[in-house]
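Written below as structure tokens is the structure these notes are about.
In full-length UniProt numbering, the protein residues as written are 1 to 382.
This is the structure we're talking about:
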């Protein structure tokens, strides 16, 4: 199972996958996450972006086909209501909103009488799922295909094989034409999104990007687009709750091949942690009392840290909050300057039952680099 399919199926497992509306939200989330990753990586070409988009579209089509019920074979004559019913199988989509992926399939249902007539079929109609945010002024791209175009019209059975082939050829040509037009439309959309048609002056007038935040449901696209998050600045006016301080290192657990040592310099006391060759992480306790204050609320965690002198690194952060869930895996690029690394978690309103942990791997690339941790704290959103 590739990374795209695994990520989408994991997201479907978190809810009612039998609910088509829920599946559509998962698909939109996948496309939106891919768009954010592509926009954050200016080195990605339009051709590569189209290839990634089509790969996710194909995988969504494959997954969605597993949830479609079997439909009995059709009679030789097709009246207008039957065609309208076939066309209505696709979900209604607001013109201003994201497109939902659908696949129309017709097969002989169980219990039908045997017949030597060829089976009727419906060619797949796979509209694109557009992201929630579109470029201002860009024209809407409608990927749906009306029933009158012939892409979703059923073919009546015919005993003459040559006549069957003669009727199917136009449908095949229409299908490939629609697919080609869809690919061209996607290419134009991504060209506009990435600013290919903008001048350098227009690109420079864009407002500065806001500090990145991490949402509850993380989707990490494949092909190297999962770059580490940048550090942000915490609001000092918040009411912070201490989770870890180097003055009390007793609530830190390091595996046998990892190191954790309290040190001090002009910047103050800190705990220098170094993951082992196996990539093992150092665990920081989050007390049950702290979790009880966070239950049912939206909390922001702040890790204040820096890399060891002359050795910039990338850290990964995982959480285990017991009955309150986790925070997903986070990655940060850590430099030699003391900085703050933020992530937020929306906790369910339930009793935690026990304490939790925040695990930090000091070197995602397993090169033995160390990180100095000054403090870990948390606050509740007002």
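We treat Cβ as the ideally placed atom computed from N, Cα and C, and that holds for glycine.
DSSP three-state assignment for residue i, whether helix, strand or coil
| i | result |
| --- | --- |
| residue 269 | strand |
| residue 346 | strand |
| residue 25 | helix |
| residue 128 | The pLDDT assigned to residue 128 is 42, lower than 50, so where the model puts this residue is not dependable, and the model offers no usable value. |
| residue 178 | helix |
| residue 35 | helix |
| residue 253 | strand |
| residue 172 | helix |
| residue 307 | strand |
| residue 377 | strand |
| residue 143 | Residue confidence for residue 143 is low, a pLDDT of 31 falling below 50, so the modelled location carries little weight and cannot support an answer. |
| residue 260 | strand |
Residue i to residue j span [Cα, whole Å]
| i | j | result |
| --- | --- | --- |
| residue 241 | residue 19 | 40 Å |
| residue 17 | residue 23 | 6 Å |
| residue 59 | residue 293 | 41 Å |
| residue 5 | residue 62 | 9 Å |
| residue 324 | residue 287 | 13 Å |
| residue 179 | residue 68 | 22 Å |
| residue 369 | residue 185 | 46 Å |
| residue 255 | residue 249 | 15 Å |
| residue 34 | residue 187 | 15 Å |
| residue 333 | residue 340 | 11 Å |
| residue 196 | residue 336 | 36 Å |
| residue 10 | residue 264 | 43 Å |
| residue 262 | residue 317 | 20 Å |
| residue 189 | residue 47 | 12 Å |
| residue 267 | residue 338 | 9 Å |
| residue 65 | residue 56 | 14 Å |
Buried versus exposed call for residue i [16 or more other C-beta atoms within 10 Å across all chains shown]
| i | result |
| --- | --- |
| residue 290 | buried |
| residue 7 | buried |
| residue 14 | exposed |
| residue 353 | exposed |
| residue 176 | exposed |
| residue 350 | exposed |
| residue 314 | buried |
| residue 30 | buried |
| residue 271 | buried |
| residue 181 | exposed |
| residue 375 | buried |
| residue 257 | exposed |
| residue 246 | buried |
| residue 361 | buried |
| residue 363 | buried |
| residue 302 | buried |
| residue 199 | exposed |
| residue 296 | exposed |
Chain C within 7 Å of residue i, Cβ atoms only
| i | result |
| --- | --- |
| residue 240 | Of the protein chains in this structure there is only one, and it is not chain C. |
Terminal residues of the beta strand (DSSP E) in which residue i lies
| i | result |
| --- | --- |
| residue 242 | 241–244 |
Residue span of the alpha helix (DSSP H) that contains residue i, given as start and end
| i | result |
| --- | --- |
| residue 3 | 3–13 |
| residue 46 | 46–64 |
| request: Ignoring anything shorter than 3 residues or poking outside the stretch 315–373, list the beta strand (DSSP E) runs there in chain order. | output: With a minimum length of 3 residues, the unbroken runs of beta strand (DSSP E) contained wholly in the stretch 315–373 fall at 330–334, 339–346 and 356–361.
| Along the chain, which unbroken stretches of the beta strand (DSSP E) at least 3 residues long are found entirely within the stretch 274–300? | Whole beta strand (DSSP E) segments, 3+ residues: 282–286.
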